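Residues 19 to 595 (the numbering used here) are what the sequence shown spells out, left to right. All remarks here apply to the structure that follows.
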Amino acid sequence: MRSAARFLAFRRSFSSSVTAGGAETLSGKKWDALVIGGGHNGLTAAAYLARAGLSVAVLERRHIIGGAAVTEEIVPGFRFSRCSYLQSLLRPSVIRELDLKRHGLKLLRRNPSSFTPCLDGRYLLLGPDAALNHSEIAKFSKKDAESFQAYEKQLERFCEFMDFLLDSRTPEIRQDLSSFVSQVKDKLQASAFWSRCLQQTFTLGQKDMLDFVELLVSPASKVLNNWFEAEVLKATLATDAVIGAMASVHTPGSGYVLLHHVMGETDGARGVWSYVEGGMGSVSLAISNAALEAGAHIVTNAEVAQITVDAASGAITGVDLADGTHLLSSVILSNATPHRTFMELVSSDVFPENFLSAIKNTDYSSGTTKINIAVDRLPQFHCCNSIHSDVGPEHMGTIHIGSESMEEIDLGYRDALNGIPSKRPIIEMTIPSALDRTISPPGQHVVNLFVQYTPYKLSEGSWQDHNIRESFAQKCFSLIDEYAPGFSSSIVGYDMLTPPDLEREFGLTGGNIFHGAMGLDSLFLMRPVKGWSDYRTPLKGLYLCGSGAHPGGGVMGASGRNAASTVLQDLKRSSNA
């Protein structure tokens with residue numbers, strides 16, 4: 019109870035600092051920068067800009083900040099992380115530099131972190147405890163038990179290489195620098211970047227570097243088959259490779275996302291995923307508190323209708339809001355998707371034809387549905403033979419339902435390719451209330467279902483049809499019943515977000531949770547499109563700061579931090595010109 023009271027007090031103190039509507043109070047002055055969208059990246063960018071002394075305003079379309087990192091009470095008494103639901107990828111540099119723990123961020127480490135029940139009565143638990151992992155995997159394969167630690171160690175070495183890339187701006191060579199000195203500085207910065215990459219490559223060594231390249235280009239199934247023999251272990255790990263993607267475990271390049279298994283960290287512990295007390299909205303609240311403390315202004319119910327450009331000079335002049343308010347600024351950072359930013363908020367004649375063509379051809383396909391459930395009791399998995407209703411190790415981490423083999427995952431993907439929701443959905447189930455007592459009534463729980471695969475467009479019918487929605491939800495609940503009998507009868511209420519819902523409610527084009535696919539052709543120097551990976555755009559003064567920019571999706575904060583750094587660099591160059 020004390021923990022819940024502390025969180026609610028923090029929430030009340032925050033709410034009094036954000037303006038709900040009233041964007042007209044921001045007009046009448048020229049802002050140093052305006053940020054479109056109050057998602058975690060937009061808030062991060064605003065915090066860094068405000069800390070540098072700029073006047074900044076964040077404009078959020080919805081009634082609440084956070085974008086996809088948000089906590090909402092949909093069923094009375096139950097507070098859901100409606101979209102993103104786990105924390106690990108938030109960059110340590112952002113946590114440290116913005117002092118997010120002082121601003122209310124509290125991470126709840128999960129141990130064990132993974133539970134895969136099997137219909138034959140067996141189960142697999144995995145977590146940060148190496149001894150536990152060895153004994154659990156040995157139930158299925160002694161060979162795999164010996165290999166698993168080496169597998170994780172190799173991925174950790176690869177992630178150490180990736181850390182530098184995630185925290186750095188891309189070494190894009192700019193063509194618009196008029197000053198010879200600026201051109202030289204730009205090329206020196208790019209050279210320093212590639213020199214650092216070469217140094218990291220030498221550190222890895224030739225064997226590991228070849229293995230890294232193989233991981234980047236191979237299907238996850240090939241990588242996992244090379245390491246392991248037990249299907250349940252391979253399937254459990256393979257879900258990391260396809261999470262949020264309209265891709266199969268057999269899709270070339272899906273091996274790269276296996277790095278997410280160990281890419282993030284919690285309090286310095288590599289690969290440890292955590293819940294956030296109060297839900298994922300608490301991440302956004304902490305970042306916004308840092309921004310507010312630095313002097314930023316944050317306004318909700320402030321939908322941006324268009325970015326305004328002076329016809330004569332081609333310079334950005336500000337934004338028009340949906341209510342008719344005009345705000346002035348010559349620097350705009352967009353936390354919206356690249357499609358929304360360039361195809362909807364700005365007149366198309368502003369951009370080069372080849373740039374717009376590349377934006378139009380960005381892959382926004384999605385096979386993801388999120389179901390948030392309020393239950394009156396914990397699920398009891400028959401493989402655990404539990405005789406009590408208390409929280410057990412099986413409730414702590416991610417529960418993998420319907421993915422006992424990689425072929426099951428591939429079959430679900432093939433259904434979606436034909437416009438059919440997976441006949442046996444692939445479900446990642448989490449119960450954050452097992453550790454977080456602030457989000458549900460005593461004795462009751464919040465259950466998150468991250469479900470694949472659900473195509474954006476159905477071959478028959480529409481997601482707007484209540485019967486189709488209800489049928490699919492019940493299919494998911496019935497599948498869980500196979501592993502935890504009686505789960506369906508524990509449901510108090512639920513909230514379901516299909517790909518079209520994610521697009522409409524949260525502005526995620528195509529329902530893609532990453533602001534665009536995370537294939538190798540859409541990362542690093544090619545994100546969002548080739549030639550414009552450094553957060554700048556062909557329209558001077560307009561920057562991307564969301565997940566559609568490098569390094570991509572996930573609650574990282576890296577895009578916001580890097581974009582703010584780019585803006586500050588450009589402003590410094592302008593003042594010195």
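Heads up, the beta-carbon is just placed ideally off N, CA and C, and yes, glycines get one too. Because the structure is a prediction, the values reported are computed rather than measured.
Which same chain residues, not among the five before or five after residue i, have their C-beta less than 6 Å away from its C-beta?
i, result
"Leu538", "Gly271"
"Asn372", "none"
"Leu520", "Leu526 and Gly529"
"Ala23", "Note that Ala23 has pLDDT 43, beneath the 50 cutoff, so the model's placement of it is unreliable and the number below is only indicative. Closer than 6 Å at the Cβ level, and outside the excluded window around Ala23, lies no residue."
"Arg29", "Below a pLDDT of 50, predicted positions are generally treated as unreliable, and Arg29, at 44, falls in that range; the measurement from the model is reported next regardless. Within the same chain, Arg29 has no close Cβ partners at all."
"Ser236", "Gly273"
"Gly145", "Asn129, Pro130 and Ser131"
"Ser73", "Trp49 and Asp50"
"Ser583", "none"
"Trp55", "Correcting the residue type first, residue 55 is Gly in the shown sequence and not Trp. The residues are Asn353 and Ala354."
Could you pull the start and end residues of the beta strand (DSSP E) that residue i belongs to?
i, result
"His315", "His315 to Thr318"
"Tyr474", "Note, Tyr474: premise wrong, no beta strand (DSSP E); not H, not E."
"Tyr293", "Ser292 to Val294"
"Leu339", "Ile334 to Leu339"
"Tyr13", "The question about residue 13 has no answer, for the chain in this structure spans 19 to 595."
"Arg128", "No beta strand (DSSP E) holds Arg128; DSSP gives it neither H nor E."
Considering only the beta carbon of each residue, do residue i and residue j sit closer than 8 Å?
i, j, result
"Val250", "Cys136", "yes"
"Val547", "Ile377", "yes"
"Ala265", "Asp381", "no"
"His418", "Ile449", "no"
"Ser165", "Phe246", "yes"
"Ile444", "Ser477", "no"
"Ala70", "Leu586", "yes"
"Ser407", "Ser106", "no"
"Arg175", "Asp258", "no"
"Ser10", "Gly559", "Because the chain in this structure spans residues 19 to 595, residue 10 falls outside the shown range and cannot be described."
"Pro189", "Ala163", "no"
"Ala308", "His121", "yes"
"Ala434", "Thr472", "yes"
"Ala314", "Ala65", "yes"
"Trp427", "Cys494", "Rather than Trp, the amino acid found at residue 427 in this sequence is Ile. Against a cut-off of 8 Å, the Cβ pair of Cys494 and Ile427 comes out as no contact."
"Ala320", "Leu77", "yes"
Mind checking which residues open and close the alpha helix (DSSP H) that includes residue i?
i, result
"Lys160", "Lys160 to Asp185"
"Thr134", "No alpha helix (DSSP H) contains Thr134, which is instead part of the beta strand (DSSP E) from Ser132 to Pro135."
"Val596", "There is simply no residue 596 to check, as the chain begins at 19 and stops at 595 in what is shown."
"Asn580", "Ala576 to Asn594"
"Ser153", "Ala148 to Ala156"
"Asp513", "From DSSP, Asp513 is part of no alpha helix (DSSP H) but of the beta strand (DSSP E) over Ile509 to Leu515."
"Tyr501", "His484 to Tyr501"
"Val260", "Glu249 to Val260"
Which same chain residues, not among the five before or five after residue i, have their C-beta less than 8 Å away from its C-beta?
i, result
"Val36", "Ile83, Ser306, Leu310, Ile316, Val317 and Thr318"
"Arg109", "Leu184, Asp185, Met574, Gly575, Ala576 and Arg579"
"Ser423", "Glu249, Val250, Lys252 and Ala253"
"Glu283", "Ser106, Pro110, Gly289 and Val290"
"Lys157", "Arg140 and Leu142"
Contact check, residue i vs residue j under 8 Å by CB: the rounded distance?
i, j, result
"Leu346", "Gly332", "Contact doesn't hold; Cβ gap of about 17 Å is too wide."
"Asn296", "Thr456", "Correcting the residue identity first, residue 296 is Gly in this sequence and not Asn. The Cβ separation is near 5 Å, so the contact holds."
"Thr387", "Leu515", "7 Å"
"Ile509", "Val393", "6 Å"
"Ala51", "Leu67", "5 Å"
"Leu173", "Leu277", "6 Å"
"Leu557", "Val275", "Contact flag wrong, Cβ pair sits at about 32 Å."
Looking only at its own chain, which residues have a Cβ that is under 7 Å from the Cβ of residue i, when we skip the five neighbours before and after it?
i, result
"Gly410", "Cys402 and Ser404"
"Phe524", "Gly85, Ala86 and Cys101"
"Tyr169", "Trp245"
"Ser45", "Thr343, His344 and Leu345"
"Met19", "Caution is warranted here: a pLDDT of 38 is assigned to Met19, below 50, making its placement in the model unreliable, and the coordinate value is therefore given only provisionally. Hits under 7 Å: none found."
Is there at least one non-hydrogen atom of the ligand MG closer than 7 Å to the beta-carbon of residue i?
i, result
"Ala248", "Among the ligands in the structure shown, none appear at all, so the ligand MG cannot be discussed."
Going by alpha carbons, who is nearest to residue i out of the options?
i, options, result
"Tyr431", "Ser384, Ser213 and Val364", "Ser384"
"Asn379", "Gly511, Arg545 and Asp433", "Arg545"
"Ser300", "Trp49, Thr89, Ala41 and Gly60", "Thr89"
"Pro94", "Trp291, Thr555 and Ile391", "Ile391"
"His357", "Ser565, Ala64 and Ser440", "Ser565"
"Leu125", "Thr43, Ser200, Gly286 and Ser365", "Gly286"
"Leu222", "Thr188, Cys177, Asn243 and Pro189", "Cys177"
"His58", "Gln462, Val469, Leu303 and Phe198", "Leu303"
"Ser421", "Asn436, Ala314 and Leu497", "Leu497"
"Phe542", "Pro569, Ile113 and Thr555", "Pro569"
"Ser99", "Ser458, Glu78 and Ala582", "Ser458"
"Gln218", "Ser366, Phe179 and Asn243", "Phe179"
"Ser213", "Val231, Phe182, Val241 and Asp513", "Phe182"
"Gln492", "Lys441, Pro460 and Pro517", "Lys441"
"Leu339", "Val322, Ala330 and Ser352", "Val322"
"Gly60", "Ala581, Ser592, Asp588 and Lys590", "Ala581"
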